Amino acid sequence: MSNTQTHVFQTEISQLLDLMINSLYSQKEIFLRELISNSSDAIDKRRFEALTDASLLSDDEELAVTISTDKDAKTITISDNGIGMSHDEIIENIGTIARSGTKKFMQALKNDEQQGDDVSLIGQFGVGFYSVFMVAEKVSLVTRRAGSDTAHQWESDGKGEFTLSEATRDDAGTSITLHLREEEHEYLEDFRLKHIINKYSEHISLPIKMLGATPLDDEGNPKEGEEAELETINQGTALWARPKSEISDEEYQSFYQSLSYDIEPPLSTLHHKVEGNMEYTSLLYIPKKAPFDLWNRDNKKGIKLYVRRIFITDDADNLMPNYLRFIKGVIDSADLPLNVSREILQSDRDIKKIKGRAVKRVLDELKRIAKDEPETYQEFWKEFGQVIKEGVIEDMPNKDNITPLLRFASTESDEQTVSLDDYVSRMPEDQDAIYYITGESHKAAKGSPHLELFAKKGIEVLLLSDPVDEWLVNSLPEFNEKPLKSVTKGDLELSDDEKKEQEERKEALSGITAKLKEVLSETVKEVRLTNRLTESPACLVADESDPGANLERIMKAMGQDAPSSQPILEINPDHALIKQLDENSDNFSDWAQVLFDQAALSEGAQLKDPANYVKLVNRLLVA
Ligand code: ADP
Ligand code: MG
22 MSNTQTHVFQ TEISQLLDLM INSLYSQKEI FLRELISNSS DAIDKRRFEA
72 LTDASLLSDD EELAVTISTD KDAKTITISD NGIGMSHDEI IENIGTIARS
122 GTKKFMQALK NDEQQGDDVS LIGQFGVGFY SVFMVAEKVS LVTRRAGSDT
172 AHQWESDGKG EFTLSEATRD DAGTSITLHL REEEHEYLED FRLKHIINKY
222 SEHISLPIKM LGATPLDDEG NPKEGEEAEL ETINQGTALW ARPKSEISDE
272 EYQSFYQSLS YDIEPPLSTL HHKVEGNMEY TSLLYIPKKA PFDLWNRDNK
322 KGIKLYVRRI FITDDADNLM PNYLRFIKGV IDSADLPLNV SREILQSDRD
372 IKKIKGRAVK RVLDELKRIA KDEPETYQEF WKEFGQVIKE GVIEDMPNKD
422 NITPLLRFAS TESDEQTVSL DDYVSRMPED QDAIYYITGE SHKAAKGSPH
472 LELFAKKGIE VLLLSDPVDE WLVNSLPEFN EKPLKSVTKG DLELSDDEKK
522 EQEERKEALS GITAKLKEVL SETVKEVRLT NRLTESPACL VADESDPGAN
572 LERIMKAMGQ DAPSSQPILE INPDHALIKQ LDENSDNFSD WAQVLFDQAA
622 LSEGAQLKDP ANYVKLVNRL LVA
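As numbered in our numbering, residues 22 to 644 make up the sequence shown, in order.
As structure tokens, then:
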């Protein structure tokens, strides 16, 4: 055809297609789920756009997905009357522009050599359409955008190129025809297709129809005057709108899978119908496992908003706060206007209330699990703990509901299992603060010399090594009226006897501290005796008001300007190294620098000049 253009698939997509074509995956049937899900999305979009432009959908048109097969041509066609695609939309959506998930999906496949369950996750990565090439040697798609008169045909064998040409289609929508490969002819059988649809697409709240074969007469010829019948093969009602008592666990679970592509069942299912002056239904799922894009800032939000069963958006920031971005589900309001816009959504008071209650439900459920099923909660925390911690910072009004959910590692536990309640209940009576240390890693925090005194006194210290922890402690100045205090900051309180002893030693070592301060004047703010250390010669301390070394490190790693503050060097007068320091010796400045570098190293910091450190130590070793 003269109007046919040939396009080249974007490189990453070509690679993905190769993987699909050569896939040995045993459940290739999921291609049908992906196509039906795309049709369903397209129909949702058409319905939504028609709310503001009635010409896009006539009243008598029934929106549905239709599946038909042609046993002679060995094809299966999935057809919808959804929104369709324009010429440019085709190019953008299926071909020349890679989705952000493409690479990640391929990595997931490569890491899993058996290709166990991973291919089935394809929809989660936003590239589900390409799964058709697991079963088809050629795919032909004809689509017409609602509101436009022209249709286009996209065609490809998945090997590097696709073609686009003008086509005809009576109505808006998309039809996709798969030319099945020889070994995939099972998908021509009606019973096989019905089985797949029941398995994966039962929850689709649209009719899915199958065009049966034309009834045959006794001789096996199509009966005269009779047409093939359309059979609806799913329930087609929105699951969440049905009464709770009539929904089976399997149905809840399969709906969850359709929202999440998670292979595992959810941790909790929360289904509520609220009546009264604000009417809505919420069906929320707490997953067991974190999705691959938990840390991707512009990932889609997990909650779909419906108004009286009509899909409105899955992109509303205001249905779940960021720290609960892993919650999946549906909220269906009976009160919102159908033509609700983004702006209205953002300021609508009912939406705010619905969101507030949904958040409360999730937090209450997590609290319940933490209490009744601590081991399950521990598994949850491993997956989502870092994100829940963001809640303390993000959601001040719910702080008291979130803090009991927090779990930390401590000097009593290498795993993050200690709640603040546990910590407080173990505090000796005269301890009046909750102590913590932050570090680059659990190991660095645990090995810090700052813990020596606390170990000696038998005081538990929380060991914080997630990047978010620095912000968390900033937003959490106290818990149950006990202040949270960093063991690396400020002075430690001493008893009167200890103070007296300290004064005397200060006197005795004043020459040394003064000389150290002089030699290290560029790097430290102050040099003083410590009462924190029992085993190490020296450590670095931040002033109460300074950000501290760990936060400075994190901010630099994020490319932000960190206000560099000078630390305080504390030395341990009982340590042999300090005892043998002689401020008049020739190599005193070597000793000073080595002490400082060691103190930095023991906190897990990077030395500014490691080569110099090695040189100094070697010089002292042979002296
Ligand atoms: P996803 O559905 O996660 O976006 P897919 O690879 O399944 O990823 O589909 C890619 C895109 O192609 C869709 O986002 C949509 O824009 C477009 N598309 C696919 N199928 C259809 C269809 N039946 N009708 C309209 N658009 C479609
Ligand atoms: Mg899809």
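For each residue, glycine too, the CB sits at the ideal point set by N, CA and C. All values derive from a computational prediction rather than experimental measurement.
Check	Outcome
Could you name the residues of the same chain whose beta carbon sits closer than 6 Å to that of Val328, not counting the 5 residues immediately before and after it, in chain order?	Ser354, Leu357, Leu359
In the DSSP assignment, find the unbroken alpha helix (DSSP H) run with Phe332 in it and report its ends.	No alpha helix (DSSP H) contains Phe332, which is instead part of the beta strand (DSSP E) from 331-334.
Tell me the residue span of the beta strand (DSSP E) that contains Lys349.	349-354
Just to check, is the beta-carbon of Val163 closer than 8 Å to a non-hydrogen atom of the ligand ADP?	no
Could you check the C-alpha separation between Leu237 and Ala193 for me, to the nearest Å?	32 Å
Less than 9 Å between the beta carbons of Gln437 and Gly479, yes or no?	no
How is Tyr46 classed by DSSP in three states: helix, strand or coil?	coil
From what residue to what residue does the beta strand (DSSP E) around Ala71 run?	Unbroken run through Ala71 is the alpha helix (DSSP H), 51-73; no beta strand (DSSP E).
Give the range of the beta strand (DSSP E) segment to which Asp435 is assigned.	434-439
Taking Cβ positions, are Pro588 and Ala613 nearer each other than 9 Å?	no
DSSP state of Met22, grouped into three classes?	Since pLDDT at Met22 reaches only 48, below the 50 mark, its modelled position is unreliable, and the value read off the structure follows with that caveat. DSSP places Met22 in coil when its eight states are reduced to three.
Compare the C-alpha of His206 against each of Ile333, Glu50, Glu250 and name the closest.	Glu50
Are the beta-carbon atoms belonging to Arg549 and Leu590 less than 9 Å from one another?	yes
With the cut-off set at 9 Å, would you say His224 and Ser303 are in Cβ contact?	no
In whole angstroms, what is the alpha-carbon distance linking Leu642 and Asp630?	19 Å
If you reduce the DSSP assignment to three classes, tell me which class Ala391 lands in.	helix
From Lys349 to Ser586, what distance separates their C-alpha atoms?	43 Å
How about Arg67 and Leu77: do their beta carbons lie closer than 9 Å?	yes
Going by the CB atoms, is the gap between Ile218 and Leu162 shorter than 9 Å?	no
If you measure between the beta carbons of Thr424 and Val413, is that distance less than 9 Å?	yes
To which residues of the same chain is Lys527 closer than 6 Å at the C-beta, ignoring the five residues directly before and after it?	Leu550
When the Cβ atoms of the segment 594-611 are set against those of the segment 482-490, are three or more pairs found closer than 8 Å?	no
What are the boundary residues of the alpha helix (DSSP H) that Trp612 is part of?	609-622
Taking one C-beta from the segment 32-47 and one from the segment 141-156 each time, how about it: are there three or more such pairs within less than 8 Å?	yes
Residues in its own chain within less than 8 Å of His463 by CB, not counting five upstream and five downstream?	Ala430, Asp435, Leu484, Ser486
Taking the C-alpha atoms as reference points, what is the distance between Tyr344 and Glu415?	8 Å
Just to confirm, is the Cβ distance from Lys230 to Leu199 under 9 Å?	no
Taking 8 Å as the cut-off, is the beta-carbon of Ser222 closer than that to any non-hydrogen atom of the ligand MG?	no
Hey, how far is the Cα of Thr164 from the Cα of Ala157?	19 Å
With C-beta atoms as the reference, is Lys325 less than 9 Å away from Leu291?	no
Quick check on Arg370: buried or exposed, where buried means 16 or more other Cβ atoms within 10 Å of its Cβ?	exposed
Would you kindly work out how many angstroms separate the C-alpha atoms of Lys510 and Leu142, rounded to a whole number?	47 Å
Can you tell me where the alpha helix (DSSP H) with Ala626 in it begins and where it stops?	It is not in any alpha helix (DSSP H) - Ala626 carries neither H nor E in the DSSP assignment.
Using the Cα positions of Leu315 and Ile104, report the straight-line distance between them to the nearest angstrom.	30 Å
Taking C-alpha atoms, which residue in Glu565, Glu522, Asp453 lies nearest to Asn552?	Glu522
Nearest-angstrom Cα distance between Asp101 and Ala578?	49 Å
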